[in-house]
Amino acid sequence: MIRAMADFATLDVAGAEVIDHRPHLVMPGFIDTHLHFPQTQVIASWAAELLDWLNDYTFPEETRYQDPALCATMAARFLDRLTDHGTTTAVAYASVHTSSAEALFAEALKRNMRLITGKVLMDRNAPEGLRDTAQSGYDDSKRLIARWHGKGRLGYAITPRFAITSTPAQMQAAQTLAHEHPDCHIQTHLSENHAEIALACELYPEAADYTDIYAHYGLLRGNSLLGHAIHLSEREVGALAEADAKPVFCPTSNLFLGSGLFDDARLRAAGLTNALATDIGGGTSYSMLQTLAESYKVLQLQRQRLHPFRAFHWITRGNAEALGMADRVGTLDPGTEADLVVLDARATPAMAQRMERARGLMDELFTLQVMGDDRAVVQTYVAGVACKR
Ligand code: GUN
Ligand code: ZN
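So, in structure tokens, the structure goes:
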């Protein structure tokens, strides 16, 4: 826990071990609000767009996670990748298999890491071996919530993958879960791609639009995380704002899959709080620094800017606020959980050369934002414990 934050000269450090990280920057550990645990080996898969990418690479890969031994190995590797890149809190989709959520929770508990995950609910439009049923998805989610939610630093997210892979019966089961567990997050995907939107609306013809499908099943509320949220009508933006749901901007994924440009200014003007995320493995980097670099470019194309102060706020306190967790993570406030990252803006020869002409903190942060990745992460502390090897 962070006991105090002040100028070193004024702190009483008697009896404490002093670690001097000068001249590097120390800030709250990064928070990744949307990524997929079983997709670490589909990053960089050659596909035209979202639905091909899901069917050709992602669904076949996720079927492997029915094997608990594979899940355990991959959970350790997944969390290593996160902390290597300075990420200390993550909101991750597991696969449809209970074993994947179990393994990820167990590994995060062992590391005392703040992690939110949930088994994916998907009972149609997916291959054999990757489908549950409305009833089994409900029962398995209930068991996982009872076993893991609120244990250590863990939280459960009710996880209907997206409208296309859930029958109305399963959406109803998700609604019941959401109603029974108001303190669990809800995560799903919304309006990422035109073909996806058309298919979702075809499968739910009574819905006014894609957003209305989730609204109809009670899945829009303050702790709902909606991945992508790119192609939205005014009505949809209004409905999301009214529910205080949280759109999640996934820039590297949106560019990689050619999905579209997230309109941050428009959603913020409507009163929404946007989260930011890697979306591994549609996303191409675990690094929240690289995610900021691509955010900057996506917003530039829309004549919006991402100032480095706002950028670093976004991946720390901003994402913590979007998750409703700013009293625990994302800040250096006394009483919070001491997840920290230490950054070196001169980590590579190219960065060091750029930094020779830096005029102050803004330039240092912008160098990290544009040129940084895991090489710039000197150390990562999870609940006060150093974990970068
Ligand atoms: N929509 C439904 N599932 C997925 C997924 O795994 N990745 C992305 N990017 N979009 C999705
Ligand atoms: Zn996703």
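In the working numbering, the protein residues as written are 23 to 411.
We treat Cβ as the ideally placed atom computed from N, Cα and C, and that holds for glycine.
Identity of the residue in the options nearest residue i by Cα
i, options, result
"G357", "H335, T313 and A405", "A405"
"Y87", "S67, H119, H107 and D102", "H119"
"V363", "S158, H58 and D106", "D106"
"D78", "L199, A148 and S121", "A148"
"I235", "G244, N245 and A220", "A220"
"R332", "R136, A315 and L33", "A315"
"A297", "S307, G304, A185 and D285", "D285"
"H421", "I24, A185 and M347", "There is no way to answer for residue 421, as the model of the chain reaches only from 23 to 411."
"E359", "Y318, G305 and R175", "R175"
"T389", "I41, Q401, D366 and T402", "D366"
"S317", "E129, T402, A112 and Q391", "Q391"
"E430", "T233, R99 and L277", "Not covered by the structure: residue 430. The range shown for the chain is 23 to 411."
"R25", "V40, A380 and D355", "D355"
"L199", "R165, L225 and R146", "R165"
"A265", "Y403, G249 and G240", "G240"
"Y403", "H46, G108, A230 and E83", "G108"
"M377", "M27, E39 and H46", "H46"
"G172", "H203, V35, F81 and G159", "H203"
"E83", "E150, I41, V40 and A38", "E150"
"Y160", "H201, A128, D34 and K132", "H201"
Residue i beta carbon near ligand 2 (any heavy atom closer than 8 Å)
i, result
"D301", "yes"
"H412", "Since the first residue of the chain shown is 23 and the last is 411, residue 412 is not available in this structure."
"G304", "yes"
"S281", "no"
"S275", "yes"
"Y87", "no"
"L73", "no"
"H58", "yes"
"H253", "no"
"H203", "no"
"Y115", "yes"
"H211", "yes"
"G249", "yes"
"C272", "yes"
CB contact flag (residue i, residue j, <9 Å)
i, j, result
"T85", "L143", "no"
"L110", "P60", "It should be pointed out that residue 110 corresponds to Thr in this sequence rather than to Leu. No."
"L294", "P273", "no"
"A344", "L262", "no"
"I208", "P190", "no"
"A94", "I138", "no"
"H43", "I302", "no"
"H253", "G282", "yes"
"N134", "V407", "yes"
"A287", "Q322", "no"
"S213", "A251", "yes"
"Q157", "A125", "no"
"T497", "N341", "This structure does not reach residue 497, given that the chain is present from 23 up to 411, and the question cannot be answered."
"F100", "T62", "yes"
"A292", "V320", "no"
"L72", "L225", "no"
"L242", "A267", "yes"
"L163", "G140", "The sequence given here places Ser at residue 163; Leu does not occur at that position. Yes, these two residues count as a Cβ contact at 9 Å."
"W75", "G304", "yes"
"D154", "Q192", "yes"
"P90", "S117", "no"
"E129", "A98", "yes"
Any non-hydrogen atom of ligand 1 within 8 Å of residue i CB
i, result
"I186", "yes"
"S158", "no"
"T95", "no"
"L76", "yes"
"Y226", "no"
"R153", "no"
"R103", "no"
"Q391", "no"
"E214", "yes"
"E423", "In this structure the chain extends from 23 to 411, so residue 423 is not present and cannot be described."
"R183", "yes"
"L197", "In the sequence as presented, Leu is not what sits at residue 197; that position holds Gln. Not so, every heavy atom of ligand 1 lies at least 8 Å from the Cβ."
"T80", "yes"
"Q63", "no"
Residue-level contact to chain C via CB, residue i, 9 Å cutoff
i, result
"D54", "Judged by its chain identifiers, the structure shown contains no chain C, having just a single protein chain."
**Asked** Can at least three beta-carbon pairs, one atom from the segment 308-326 and one from the segment 377-386, be found at a separation below 8 Å?
**Response** no
**Message:** For the pair the segment 198-208 and the segment 273-282, tell me if three or more CB-CB distances fall below 8 Å.
**Reply:** no
**Request:** Check whether the segment 389-397 touches the segment 59-76, counting contact only when three or more Cβ pairs, one atom from each stretch, lie closer than 8 Å.
**Result:** no
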